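Asker: If you count the sequence shown from 1, you need to add 497 to reach the numbering used here. Pasting a structure below so you can have a look.
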Amino acid sequence: MKQQKSVLMLALLAATIASVSAARAQDTHPTASRALQLSAFGGVAGVYTGLAGGKNFSVVAGADLGLPPWRGVRPTLEVRGLYPTDHGLVDSQKSILAGAKFEFLLSHRLRPYGDFLFGRGESNYGFGYLFNNNVYALTTNNVYSPGGGFDYDLTEHFAVRVDGQFQKWGSAPTPSGTIWSKVGMAGLVYRFNFDRRR
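Quick look at the structure:
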């Protein structure tokens, strides 16, 4: 519950800071402000946790602050949180991550991107996971998450997002001490600062 509240607070904080920054830029430099793009997204995700066939069904929420494009690429700052609604039979993973995303502006509707996120995650093993004569109930880990996906614009403000992440979790009850999880997400994006010049 605490981590879910943290995810929501960070997403709201990022949205608020970006809105204030965009409003100030618009007052003094209207043309430059249109190059900034604030968006929020949410969706559902299937998670293969990487431990003994574990699977979760989760929700994802986050925010992006897109910076001015350069040579057809828009660098973006992203924060996102993952929370399991179906914990599965082996383990469940929740996380909050932030990092950089690079969006390729190939056409007016299709926007593929790649990203690299880093943060903290928590693995919950339900009734316990036995490894090396120890029973694990909960571990907290660093999470490294390269990935990518695409947005497909439906309207000026709404887009569909399809996303995949390949995540490395440390401090896991495995011989290597790490697990590699896979997260596939589908959801919706809402853009607050759409570049109307396009």
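Heads up, the beta-carbon is just placed ideally off N, CA and C, and yes, glycines get one too. Being a predicted model, the structure only gives us computed values, none of them experimental.
Apart from the five residues on each side of it in sequence, which residues of its chain come closer than 8 Å, Cβ to Cβ, to Arg532?
Answerer: Sequence inspection shows Ala at residue 532; the Arg mentioned does not correspond to that position. For Ala532, same chain residues with a beta-carbon under 8 Å away, outside a window of 5 residues either side, are Leu564, Pro565, Pro566 and Asp692 in chain order.
Asker: How is the beta strand (DSSP E) around Arg617 delimited, first residue to last?
Answerer: Leu607 to Phe628
Asker: Excluding the five sequence neighbours on either side, which residues of its own chain have a C-beta within less than 6 Å of the C-beta of Gly585, listed in chain order?
Answerer: Gly551, Lys552 and Asn553
Asker: Hey, quick one: how far does the beta strand (DSSP E) through Arg568 stretch, first residue to last?
Answerer: Careful: Arg568 lies outside any beta strand (DSSP E) and carries neither H nor E.
Asker: Look at Leu614 and Arg658 and say whether their C-beta atoms are less than 8 Å apart.
Answerer: no
Asker: Quick check on Ala560: buried or exposed, where buried means 16 or more other Cβ atoms within 10 Å of its Cβ?
Answerer: buried
Asker: Is the CB-CB distance between Val570 and Phe599 below 8 Å?
Answerer: Going by beta carbons, Val570 and Phe599 fall inside the 8 Å limit.
Asker: Which same chain residues, not among the five before or five after Thr582, have their C-beta less than 7 Å away from its C-beta?
Answerer: Phe554, Ser555 and Val556
Asker: In this structure, how does DSSP classify Thr582 when only helix, strand and coil are distinguished?
Answerer: Correct three-state label for Thr582: strand.
Asker: Note the first and the last residue of the continuous beta strand (DSSP E) segment covering Leu594.
Answerer: Ser589 to Phe601
Asker: Check each candidate in Ser536, Val544 and Leu548 and name the one with the smallest Cα separation from Pro672.
Answerer: Leu548
Asker: Starting from Gly674, trace the beta strand (DSSP E) both ways and give me its first and last residue.
Answerer: Looking at the DSSP string, Gly674 is not in any beta strand (DSSP E), and its letter there is neither H nor E.
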